[in-house]
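What follows is one structure encoded as structure tokens, with my remarks underneath.
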Amino acid sequence: MAADELNRLVARLNLLLFCFLASAALSALLPLVWHDKLFIDGLTIIRSQPRLEWFGNSYGAAAYLLHPLLRMLAALGVRLDDYGLGYTDDLVLANMVFGVMFLAGIASFALRWRLRADAGNMALFFVFVTLLSPFFFCISKELIPFAIMCAAVGLYRCGMLGVRGCALAYAAAMALCGLYFRVYYLAYAAIFLYNFALWRHRGLWIAGCLAMALLLILFHQRLPLDLLTQGRAGYLEGVSASRIEYYFDDGQALGFVANRTLTFGMLLLPLNLLLVSPAYAPFIALQILLTARLWRVWRHPCSSMQALAASAVLSFSMVAALFEPDFGSYFRHKVGILLFMLMLVVRFEWHRDKAA
């Protein structure tokens, strides 16, 4: 191995170790001030009856899929019955297990795709991973879509799938999650394929979006709108700081579409959160950078894999505009597409741009 290549590898390994330590430290300290809201999903999963059924409760499905991992924690003596209700060693240990699983996927991705080892690029990687770490250093449903994303990207990296094959495999797996886990992943899978197919055809993409908005208006009364709130934690009703406010009558077709359109804009540029609290500034900066990168990839030619990543990130925001009632959920669920976000904002030295 050449000296320069060895130095770059050492730099990547040092960064990954630094990310691990910083993420673990941040996530261990954060429960002291924010445990009640951050860990409610994990407690709900633990208390839910594990069951996997069509269009069932997402917490029951998550409890079913994560049951082996939760049983392993219990076998190691980690108590989970009061998870998130207080700052305990068991809380930290459970969070560490889930955080390490996420970081293992992120580290494998960064090493195999050869994270470019210059200061600015590595700092950007560090900020993205560490800032979002409180959302994956916990018992989280997002481990499931994250694992699907890692598998799809890994199959592409190993040469077993081309770009289109990766997109189809990812969409199919997310659609399956929509049937058994979260129903809006069905919409996510469809919108993702739509965005990926028309990424280089902006005129057709815009026309299609207008057509979909018209269909929403025409068939508004026939939409299964009760599925929008299915499986959501009850605490969201009490969230006021980051809750998304609707300005139009959501019971009317035009108001429904107008509210979602405005929400989509706010998710891409959440500047209004600064009026709520300066504490949101890092997440606002993260989202503005991500939106800027999306806009750049939209306007300028890009590799097919970057188009796939951009399609996934854009689709996530579009579906969140339909289904998410607050900014907190929007940012927390982003860890399920973290590798796609990194593809947009961080530079890597490995490239393979196959069309099939």
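Residue numbers for the sequence shown follow the numbering used here, beginning at 10 and rising by one.
Virtual Cβ for every residue (Gly too), placed ideally from N, Cα, C.
Straight across, the Cα-Cα distance linking L124 with Y289 is about 28 Å. Note on H360: under 16 other CB atoms within 10 angstroms of its CB, so exposed under the neighbour-count rule.
Nearest to G129 by alpha-carbon distance, out of P279, W304, A20, is A20.
Cβ atoms of L61 and C175 stay farther apart than 8 Å, at about 26 Å. In the displayed model, F146 falls within coil according to three-state DSSP, outside both helix and strand. Taking a cut-off of 8 Å on C-beta distances, the stretch 75 to 87 touches the stretch 99 to 119, as three or more cross pairs fall below it. If you check the CB distance, V344 and F48 do not come in under 8 Å. Remark: C-beta atoms of R17 and A126 approach each other more closely than 8 Å. One Cα belongs to I346, the other to F155, and the distance between them is close to 6 Å. About 5 Å separates the CB atoms of F340 and F292; that is less than 8 Å, so the two are in contact. Three or more Cβ pairs closer than 8 Å define a contact, and the stretch 181 to 191 falls short of that threshold against the stretch 82 to 98. The three-state reading of DSSP puts R191 in coil, since its state is none of H, G, I, E or B.
Secondary structure within the stretch 44 to 99: the alpha helix (DSSP H) runs of 4 or more consecutive residues, fully enclosed, are 49 to 56, 67 to 84 (chain order). Only residues of its own chain outside the window of five on either side were considered, and among them T53, I54, S57, G240 have a CB closer than 7 Å to the CB of Y68, listed in chain order. As DSSP reads the structure, L124 sits in a beta bridge with F357. For D13, the three-state secondary structure derived from DSSP is helix.
When the beta-carbon positions are compared, A33 and F118 stay at least 8 Å from each other. Minimum Cα-Cα distance from A113 among the listed residues L25, E333, V42 corresponds to L25.
In the three-state reduction of the DSSP assignment, R231 falls in the helix class. Residue nearest to A70 within the set L284, Y203, V192 is V192 (criterion: CA-CA distance). Around the Cβ of F228, a 10 Å sphere holds fewer than 16 other Cβ atoms; the residue is exposed. Assignment of R252 by DSSP, reduced to helix, strand and coil, places it in the strand class. Going by DSSP, W304 is part of the alpha helix (DSSP H) stretching over 290 to 308.
Residue environment for N204: buried (at least 16 other C-beta atoms within 10 angstroms of its C-beta). Judged by beta-carbon spacing, S320 lies within the 8 Å limit of F201, meaning their Cβ atoms are closer than that value.
With the rule of 3 Cβ pairs closer than 8 Å, the stretch 274 to 282 does not count as touching the stretch 163 to 172. An exposed status is given to A12, since fewer than 16 other beta-carbon atoms sit within 10 Å of its beta-carbon.
Note that the C-beta distance between V322 and F357 is not below 8 Å. With contacts defined as CB atoms closer than 8 Å, V306 and L133 fail to qualify as a contacting pair. By a beta-carbon distance limit of 8 Å, W63 contacts L188. Their separation comes to about 6 Å. Counting along the chain, the unbroken alpha helix (DSSP H) around G163 starts and ends at 152 to 166.
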